[in-house]
């Protein structure tokens with residue numbers, strides 16, 4: 030799977046790791062104004078129905094098979110601006126997004 034993780038996002042993710050065995054889990058679920066939204070969490074074990082979709086030796090990302098359908102080409106960045114600091118997920122396959130940017134449609 031083709032994912033882009035910026036160096037800024039990698040550095041922030043590594044700050045959450047307790048040791049080198051954590052994963053970032055990204056799920057796509059129904060919800061939000063446009064129909065789908067992302068959930069992300071730091072985990073130490075992948076679930077039974079999850080695959081590693083990104084691994085560069087430092088950062089590993091896992092997702093379930095359904096979510097993988099919507100994650101191809103995902104661009105993960107981190108912004109530390111004062112107003113809206115946090116991770117930014119940009120999906121090149123999205124055909125629409127809500128005004129606040131928290132949900133998307135494909």
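Numbering (the numbering used here), first residue to last: 30 to 135.
Glycine included, every Cβ here is placed at the ideal spot set by N, Cα and C.
On a predicted model such as this, the values are computed, not experimentally measured, just so you know.
Beta-ladder partner(s) of residue i, from DSSP
i: residue 60; result: Residue 60 pairs with nothing; no bridge assigned.
i: residue 108; result: 115
i: residue 42; result: DSSP, once it has assigned bridges, lists no residue as partnering residue 42.
For residue i, three-class secondary structure by DSSP
i: residue 96; result: helix
i: residue 101; result: coil
i: residue 72; result: strand
i: residue 79; result: strand
i: residue 126; result: strand
i: residue 32; result: coil
Spatial distance of residue i from residue j (CA atoms)
i: residue 92; j: residue 31; result: 13 Å
i: residue 48; j: residue 74; result: 13 Å
Could you check whether the region 81-88 touches the region 37-54, counting it as contact only if at least three pairs of C-beta atoms, one from each stretch, sit closer than 8 Å? Yes, the region 81-88 touches the region 37-54.
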